[in-house]
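Remarks on the structure that follows.
Chains as they are written, first to last, in the working numbering: chain A, 97 to 313; chain B, 7 to 248; chain C, 9 to 267.
If you want it as C-alpha cells, here you go:
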C-alpha cells in the first residue's frame, strides 16, 4: 500500500536526525576518552602495555563494525543485560572509535620530532611531563584534521545502529520506505541529510590539513 | 680543583660504525674546553654521551660524581647538573620565550610562577633578550632563538653546560651574538664544553682545545696548538678550513 | 527470595562453540565470497579511481565539477544508505539485480571515490620538474601520464590503497543488509539456525581478522615484488649500515575511510 511522501514523513526523518547526533556525540566523546588511554598505552615504554594496546587496535581495526555491533548486542543479552539499542550501539561505537582514535593520535605523537623529546628530557622533565607539556600540545595541531575526519566517519557509522533497531536517520528512512516504496526519494533525502551533517566537517578537516601542509612545503 | 666531567676510555658504536675508539679527557671546574674535528670524528657523539642522549658500549663517564654509564643512573639528577644547547635550538614552538624558560623551573624545580618568572627575566637579560620575553620562537631570528636556548639551560643553574655546534646552523652574521653570550658565560666561571667549528673563537676564549680524529683524542693543547699543530692530521684539518 | 552466588553462577551464560563445528564449510564459503566481492570491487574501483583522478585534474570545468560531486557525495554519506539507494532504487524502476552484483557495484562506486582522492594525492606529489622534463623529451601526454605520473604515484600511495582494501572488506559486511551472500550474511543464517548468536559472531570476527592478516601479507608480498626500486634501495642502505630514508610515502588513510 503506497501513498505519497508527506510532510509528516519529512518531519519524522528530521526528528530522527536528533538521535543520529546523540549517538554520534556519545560515541565520539567516550571513544575519545578511551582512545586517549589507548594512545598512552601504545606509546608506553612498558612492553606488555604497548603490546596489549597494539593487539587491541589491530583486532578492532580488523573486524567490521557491524560484527562488533552484533557481538556487543548479543553479548550483552546472553549475559542477561537488557539494554536499549542506543546503549548497545553506543558501546560498540565507543570501542571502535577508541581503537581508531588511539591509533591516529599515536601516529601524531610519534610524528613529533625527536629533538623536542631530547630538549624536554635534558631539562630534567619526566617522560610524563615531557608528554603533557611539550609533545601533546604540539601533536594536537597535527591531530585535529584526522580527528575531525574521523568524526565524519562516526556520524556515518551511526547508520549501522539501524540494524539493531535503533531509530536514527537510516532506520527512519527504512520505515518510511517500507510503507510508501519510494527508495530514490526516501534514501536520496536520507543521504542528503547525512551530507549536510558531514560535508561541513569534511571541508573543515581538509582546510586544516591544507594549512598544516603549507607550512611543510 | 676537581674534574666536573671525566671520560675514561669510552667506546661507542652505531651499527657497524665504531664512532668512539677509546676517548679520554677531563673538564675541570670553570674551564672552557673546545672540541674540534672533522665530521665523523665523533665529537658530537662524545658530547651527547655525556648527557646520556646516547649510551656507551665501554668505558666510564663521570659528571659531578655521577656515573653516567651506570645503567641505573638517576637521569633527573644528571640532567639537573648538565645543561645542553643543541645545534637546532629545539625551543618549544607552542610556548613563548619566557614560558620556554619557565617550564622546567616550574615543573622540575617546583618554583612558583613568580619565582620562575624572576629567574627567567634574569637569564634573558644575561643573554640580552629581556624585551623578547613574550615573543614566540618563530618570531625570532636564529641567533636570538639560540640565545634563548642558552638562557633556558642556564636558568636551571647547571654545573656544566654542553654546546653542540650551536652556531653551525646560523647565518654568519648571527653567530657573533651567540658567541658573545658564550664568552660572557665563560668569564662568569661556567664550566663549558663546546663542540665547534669556530676556530678563532676557540683559540681566543677556550682554556684548552681538544682535536678529535676518527673517534680518538688526537691532540690536546691551548690556543697555540692551532698555530703550530704537531700532528699531520690536525695540520690537514686546519688547512682545509673544515 | 535472595539469590546465592551459586544460583547466579548457574544462570550465567557459558559460551559453547560446538554447535558451530558442522558449519565450518559454510563459514569458509562466506569468507571466500567476501574476499571475492572485495577483490572485484577494489580492482574496478581503483580503475574508476584512476580515471576520476585524472578527470578531476582535467582543464574541463564541467568534468571536474562532476568528479567533485561524485567524490564528495560518496564520502559524506554512509555506505548502508548508498547500497539501499542502489539496490532498492534500481528495483523500484524495474532493474532487479542479483544481490551479489548490486553489492559489488555499490562497493565499486564507493571505493572509486576514495581511490580517486588517494591517487590524486599521489599525482599531485609528482614534482612539476619531472613532468616538464618529460615534456621536453617529447613524450606524449598519455606516456607522461603513465610513466612519469601514475607509476611513481601508485608506489607512493600503495600503503593507503592497501588500507582502503581492508576498510572495504569490512564495509562488505554491510552488504548483508540487502541479503548479499558474504560472511556476515552467513553469520546471520548460522546464528538463527543454532541460537548461538554470540559464538557465531565471535567466530566470524576471527575469520575477518584472519582475512585481514592474509590480505596484509599478500599486499606486502606484491609490493615487494612489484616495487623493485624500494627493495633495491632498502637493501643497499642496510648494507651500508644506514637506516633507509623513506622518501615521503603517503601512508595515512585519507580520513573518511569507507562506509
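From the three backbone atoms N, C-alpha and C, an ideal C-beta is built for every residue, glycine too.
Three-way DSSP call (helix, strand, coil) for residue i in this model
| i | result |
| --- | --- |
| residue 17(C) | Bear in mind that a pLDDT of 49 at residue 17(C), under 50, signals an unreliable position, so the model cannot answer this. |
| residue 332(A) | Since the displayed chain A opens at 97 and closes at 313, residue 332(A) lies outside it and no answer follows. |
| residue 30(B) | strand |
| residue 159(A) | coil |
| residue 138(C) | helix |
| residue 167(B) | strand |
| residue 177(B) | coil |
| residue 20(B) | strand |
| residue 133(A) | helix |
| residue 117(C) | helix |
| residue 12(B) | strand |
| residue 142(B) | coil |
| residue 73(B) | strand |
| residue 263(C) | Bear in mind that a pLDDT of 41 at residue 263(C), under 50, signals an unreliable position, so the number given afterwards is only what the model happens to contain. DSSP places residue 263(C) in coil when its eight states are reduced to three. |
| residue 38(B) | strand |
| residue 106(A) | helix |
| residue 255(C) | Residue confidence is low: residue 255(C) scores 44 on pLDDT, short of 50, so the model does not pin down where it sits. Its coordinate-derived value is still stated next. Residue 255(C) falls in the coil class under three-state DSSP. |
| residue 222(B) | strand |
| residue 196(B) | coil |
| residue 286(B) | Because chain B here runs from 7 to 248, residue 286(B) falls outside it and cannot be looked at. |
| residue 217(B) | strand |
Proximal chain A residues relative to residue i, where beta-carbon distance stays under 8 Å
| i | result |
| --- | --- |
| residue 96(B) | 211, 212, 214 and 215 |
| residue 99(B) | 234 |
| residue 162(B) | 219 and 220 |
Minimum C-alpha distance to residue i - residue among the options
| i | options | result |
| --- | --- | --- |
| residue 229(A) | 215(A), 240(A), 242(A) and 241(A) | 215(A) |
| residue 129(A) | 191(A), 108(A), 114(A) and 276(A) | 191(A) |
| residue 289(B) | 166(B), 30(B), 157(B) and 43(B) | Residue 289(B) lies beyond the residue range present for chain B, which begins at 7 and ends at 248; the question has no answer from this structure. |
| residue 257(A) | 104(A), 108(A) and 123(A) | 123(A) |
| residue 127(C) | 160(C), 106(C), 143(C) and 110(C) | 160(C) |
| residue 218(A) | 161(B), 29(B) and 236(B) | 161(B) |
| residue 48(C) | 110(C), 234(C), 240(C) and 200(C) | 110(C) |
| residue 154(C) | 59(C), 30(C), 226(C) and 26(C) | 59(C) |
| residue 15(B) | 29(B), 24(B) and 129(B) | 29(B) |
| residue 135(B) | 158(B), 193(B), 231(B) and 194(B) | 158(B) |
| residue 112(A) | 265(A), 303(A) and 304(A) | 265(A) |
| residue 151(A) | 164(A), 137(A) and 104(A) | 137(A) |
Within chain A, the residues that residue i reaches when beta carbons sit closer than 7 Å
| i | result |
| --- | --- |
| residue 80(C) | 295 |
| residue 92(C) | 279 and 283 |
| residue 86(C) | 252, 255, 266 and 290 |
| residue 210(C) | 167 |
| residue 200(C) | Result: empty, since nearest Cβ-Cβ is about 12 Å, beyond 7 Å. |
The ligand GDP heavy atom lying under 7 Å from the CB of residue i
| i | result |
| --- | --- |
| residue 36(B) | The ligand GDP is not part of this structure, which contains no ligands at all. |
With 16 other Cβ atoms within 10 Å as the buried cut-off, status of residue i
| i | result |
| --- | --- |
| residue 55(B) | buried |
| residue 57(B) | buried |
| residue 273(A) | buried |
| residue 135(C) | exposed |
| residue 85(A) | The requested residue 85(A) does not occur in the structure, where chain A is confined to residues 97 to 313. |
| residue 169(B) | buried |
| residue 120(C) | buried |
| residue 231(A) | buried |
| residue 21(C) | exposed |
| residue 308(A) | exposed |
| residue 254(C) | With a pLDDT of 48 at residue 254(C), under the threshold of 50, the modelled position of this residue cannot be trusted, and the question is left open. |
| residue 51(C) | exposed |
| residue 164(B) | buried |
| residue 76(C) | exposed |
| residue 180(C) | buried |
| residue 38(C) | buried |
Beta-carbon neighbours of residue i, restricted to chain C and to distances below 7 Å
| i | result |
| --- | --- |
| residue 287(A) | 85, 89 and 93 |
| residue 155(A) | 217 |
Contact list for residue i against chain B, beta-carbon separation under 7 Å
| i | result |
| --- | --- |
| residue 218(A) | 57, 85 and 90 |
8 Å Cβ cut-off: residues of chain C touching residue i
| i | result |
| --- | --- |
| residue 263(A) | The premise fails here: residue 263(A) is roughly 14 Å from chain C at the closest Cβ pair, so nothing lies under 8 Å. |
Neighbour flag for residue i against chain E, beta carbons, 8 Å
| i | result |
| --- | --- |
| residue 160(A) | Looking at the structure shown, chain E is missing, and the protein chains on hand are A, B and C. |
Interface residues of chain B facing residue i [CB-CB closer than 9 Å]
| i | result |
| --- | --- |
| residue 230(A) | 98, 100, 101 and 109 |
Within chain A, the residues that residue i reaches when beta carbons sit closer than 9 Å
| i | result |
| --- | --- |
| residue 192(C) | 160, 162, 163 and 166 |
Along the region 46-60 of chain B, where does the CB come closer than 8 Å to a CB of chain A? Name the residues.
57 and 59
Relative to chain A, which residues along the region 96-118 of chain C have a C-beta separation below 7 Å, given in chain order?
96, 97 and 100
Check distances from the C-beta atoms of the region 107-124 of chain B to those of chain A and list, in chain order, the residues that come in under 7 Å.
109, 110, 113 and 114
Selection of the region 19-40 of chain C by Cβ proximity to chain A, strictly under 9 Å
19, 20, 21 and 23
Quick one, which residues of the region 169-202 of chain A are near chain C if we go by CB-CB under 9 Å, in chain order?
169, 170, 171, 173, 174, 175, 176, 196 and 200
Identify each residue in the region 70-83 of chain B for which the Cβ-Cβ distance to at least one residue of chain A is less than 9 Å, and report them in chain order.
81, 82 and 83
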